[in-house]
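Q:
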Amino acid sequence: MRKRLTAILLSLTWLLAMAGLANAQQNTPVVHAVLFYSPTCPHCQHVIEDVLPPLYEQYGPQLQIVGVSTLESDGWALYQAAAERFSIPEEKQVVPTLIIGETILIGSDEVAEQFPSLIEAGLAAGGVPLPDIPGLLELLPAEAAPPPSAGSLMPTAVRLGPLELFARDPAGNTLALLVLVGMVASLVYVAVYGRQGLQAQEPASGPGPFSGTWLVPMLAVAGLAVAGYLTYVETTHAEAVCGPVGDCNTVQQSEYARLFGVLPVGVLGAIGYIAMLAVWVWARIGTDERRRALAWLCLFSLAAFGTLLSIYLTFLEPFVIGATCAWCLSSAVIITGLFLVTARPGMQAAHVLFSRSLSHP
Numbered sequence: 000m001r002k003r004l005t006a007i008l009l010s011l012t013w014l015l016a017m018a019g020l021a022n023a024q025q026n027t028p029v030v031h032a033v034l035f036y037s038p039t040c041p042h043c044q045h046v047i048e049d050v051l052p053p054l055y056e057q058y059g060p061q062l063q064i065v066g067v068s069t070l071e072s073d074g075w076a077l078y079q080a081a082a083e084r085f086s087i088p089e090e091k092q093v094v095p096t097l098i099i100g101e102t103i104l105i106g107s108d109e110v111a112e113q114f115p116s117l118i119e120a121g122l123a124a125g126g127v128p129l130p131d132i133p134g135l136l137e138l139l140p141a142e143a144a145p146p147p148s149a150g151s152l153m154p155t156a157v158r159l160g161p162l163e164l165f166a167r168d169p170a171g172n173t174l175a176l177l178v179l180v181g182m183v184a185s186l187v188y189v190a191v192y193g194r195q196g197l198q199a200q201e202p203a204s205g206p207g208p209f210s211g212t213w214l215v216p217m218l219a220v221a222g223l224a225v226a227g228y229l230t231y232v233e234t235t236h237a238e239a240v241c242g243p244v245g246d247c248n249t250v251q252q253s254e255y256a257r258l259f260g261v262l263p264v265g266v267l268g269a270i271g272y273i274a275m276l277a278v279w280v281w282a283r284i285g286t287d288e289r290r291r292a293l294a295w296l297c298l299f300s301l302a303a304f305g306t307l308l309s310i311y312l313t314f315l316e317p318f319v320i321g322a323t324c325a326w327c328l329s330s331a332v333i334i335t336g337l338f339l340v341t342a343r344p345g346m347q348a349a350h351v352l353f354s355r356s357l358s359h360p
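The sequence shown: position 290 = 289 (numbering that gives the first Met the number 0), numbered continuously.
1. Taking the beta carbon of E112 as the centre, do at least 16 other beta carbons fall within 10 Å, making it buried, or is it exposed?
2. Could you pull out every residue in the same chain whose Cβ sits closer than 7 Å to the Cβ of A237, ignoring the five residues on either side in sequence?
3. Touch check for the stretch 175-185 and the stretch 327-344: three-plus C-beta pairs under 8 Å?
4. Once DSSP output is grouped into helix, strand and coil, what is the label at S300?
5. Could you name the residues of the same chain whose beta carbon sits closer than 6 Å to that of L218, not counting the 5 residues immediately before and after it, in chain order?
6. Looking only at its own chain, which residues have a Cβ that is under 6 Å from the Cβ of F35, when we skip the five neighbours before and after it?
7. So T39 and S253 are in contact, right, with Cβ under 8 Å, and what is the actual spacing, rounded?
8. Below 8 Å, can you find three or more Cβ-Cβ pairs linking the stretch 268-279 to the stretch 240-255?
9. In angstroms, rounded to a whole number, what distance separates the CA positions of A23 and I103?
10. Please list, in chain order, all residues of the same chain as T234 whose beta carbon is under 7 Å from its beta carbon, the five residues on each side excluded.
11. With a CB to CB cut of under 6 Å and the five nearest residues on each side skipped, what residues in its chain are close to L214?
12. Please classify G222: does DSSP put it in a helix, a strand, or coil?
13. Three-state secondary structure (DSSP) at P216?
14. Measuring only the C-alpha atoms, how far is G285 from Q347?
15. Take the Cβ of P53 as the centre, count every other Cβ of all protein chains shown within 10 Å, and call the residue buried at 16 or more, exposed below.
16. Going by CA-CA distance only, name the one from P28, N26, T27 and H42 that's closest to G260.
17. Would you tell me roughly how many angstroms separate the C-alpha atoms of G171 and P344, rounded to the nearest one?
18. May I have the straight-line CA-CA distance separating Y192 from L186, to the nearest angstrom?
19. Is the CB-CB distance between N99 and L117 below 7 Å?
20. Can you have a look at P161 and say buried or exposed, based on whether 16 or more other CB atoms are within 10 angstroms of its CB?
21. Identify, in the order they occur along the chain, each residue of the same chain with its Cβ nearer than 7 Å to the Cβ of L307, setting aside the five sequence neighbours on each side.
22. Less than 7 Å between the beta carbons of A342 and V220, yes or no?
23. Who does T96 pair with in a DSSP beta bridge?
24. Going by C-alpha distance, which of L51, F165 and Y311 is nearest V183?
25. How is G285 classed by DSSP in three states: helix, strand or coil?
26. In three-state terms, what does DSSP make of Q63?
27. Just reading off the alpha helix (DSSP H) that P161 is part of, what are its end residues?
28. What would DSSP say about S253, mapped onto helix, strand or coil?
29. My output table needs one value for G171: the three-state DSSP class, helix, strand or coil.
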């Protein structure tokens with residue numbers, strides 16, 4: 000997707016640059032704008048592939064847009080300069096962001112709904128120059144910088160590395176790193192000490208009863224609430240309420256917010272928590288040992304899968320996306336808690352079921 004977005008923008012850049020040179024000679028009004036985008040953002044993809052092409056076709060050389068990737072070091076610095084220049088609140092600093100004159104459009108919905116009328120108003124007023132963003136003209140090629148109507152050109156830049164991405168939000172990304180370390184430590188603890196416990200255990204001793212396992216449904220309900228909110232944000236494209244730490248909207252707008260580009264991660268989490276609640280209820284209906292063992296094994300397996308997936312997703316936040324989602328971290332902590340709670344009885348259940356299957360072929 001990144002290569003396709005880059006190719007589209009570069010193609011538009013070349014075409015608009017050529018058209019802009021001809022347009023400058025005719026002195027026709029031109030509307031200029033700057034689009035901040037990320038190649039990993041599906042909302043940006045929607046704007047670039049669905050919203051802008053009809054406008055380019057309608058207005059031709061009278062519409063020229065500078066595309067700036069926030070995943071590039073120079074692009075990110077320019078975005079920060081624009082946010083400071085136009086006093087964009089921190090919670091609103093997401094992509095896509097389109098700046099036309101003194102007007103800021105944030106999100107694909109605002110761009111789709113408001114940009115066409117702003118173009119019409121700008122042309123009627125005799126054109127709109129490039130926004131006054133400190134450093135913008137310096138990033139444009141020298142031959143295009145003097146006359147703003149010379150075309151739409153992409154600033155050259157260098158891609159941010161993992162440490163530079165981490166430095167974009169030190170507080171939020173440090174929190175993500177701490178959660179990541181805790182999850183990995185929990186995984187190692189269960190793998191090492193759980194195995195030692197099984198080696199010292201009699202094969203006939205199974206997992207404990209479900210009468211005192213209220214931590215499982217309590218954590219699962221909490222996880223379902225978090226996953227439900229993330230599902231709402233991901234499916235409705237609503238703006239997430241993130242709190243004082245992190246940048247939830249950047250994470251939710253990245254390509255990693257959907258598994259295989261199709262299934263929202265929040266939906267997958269909700270399915271997992273619902274499955275755990277269903278297994279817990281199923282286990283409490285009966286009293287036989289085999290049902291209890293199967294239930295513990297299912298709960299442990301679901302929690303283990305969720306923890307492994309959360310480790311992967313939590314790693315992506317500070318080192319690949321460059322932003323942290325507090326809601327995602329909450330879900331990661333909850334699923335890790337479920338993993339620790341279900342580890343011992345789950346491994347005991349696996350031990351008992353496996354031992355009995357060998358003794359009764």
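Built from N, CA and C at the ideal position, the CB exists for glycine as well.
A: Working from what's here:
1. The residue is exposed, with fewer than 16 neighbouring Cβ atoms inside 10 Å.
2. Close CB contacts of A237 within its chain, under the 7 Å cut and outside five residues either way in sequence, are with Y231 (chain order).
3. For the pair of segments examined, the stretch 175-185 was found to touch the stretch 327-344: the number of CB pairs separated by less than 8 Å reaches three.
4. In the structure shown, S300 sits in a helix (DSSP, three-state: H, G or I).
5. If we look at L218 and ignore the five residues flanking it on each side, its Cβ neighbours are I333, G336 and L337.
6. Excluding the 5 residues flanking it on each side, F35 has same chain C-beta neighbours closer than 6 Å at V67, T69, Y78, V94 and T96, in chain order.
7. Confirmed, about 5 Å.
8. Output reads no: the stretch 240-255 does not touch the stretch 268-279.
9. With a pLDDT of only 45 at A23, under 50, the local geometry of the prediction cannot be trusted, and the value read off the model is given with reservation. The straight-line gap from Cα to Cα measures roughly 26 Å.
10. Within the same chain, T234 has close Cβ partners P263.
11. Correct list, in chain order: V340.
12. It is helical.
13. Looking at P216 - three-state DSSP - the assignment turns out to be helix.
14. In this structure, the alpha-carbon of G285 lies about 19 Å from that of Q347.
15. Under this definition P53 is an exposed residue.
16. Shortest Cα-Cα distance from G260 to any of P28, N26, T27 and H42 involves H42.
17. About 34 Å.
18. Approximately 10 Å between the Cα atoms of the pair.
19. Here residue 99 is Ile; the residue named in the question, Asn, does not match the sequence. Remark: C-beta atoms of I99 and L117 approach each other more closely than 7 Å.
20. Around the beta carbon of P161, fewer than 16 other beta carbons sit within 10 angstroms, so the residue counts as exposed.
21. Nothing meets the Cβ criterion.
22. Contact flag unset, no.
23. Looking at the DSSP output, T96 shares a beta bridge with F35 and I105.
24. Closest by alpha carbon: Y311.
25. DSSP places G285 outside both helix and strand once states are collapsed to three, so it counts as coil.
26. Strand.
27. Bounds of the alpha helix (DSSP H) holding P161 are P161 to F165.
28. DSSP places S253 in coil when its eight states are reduced to three.
29. Helix, per DSSP.
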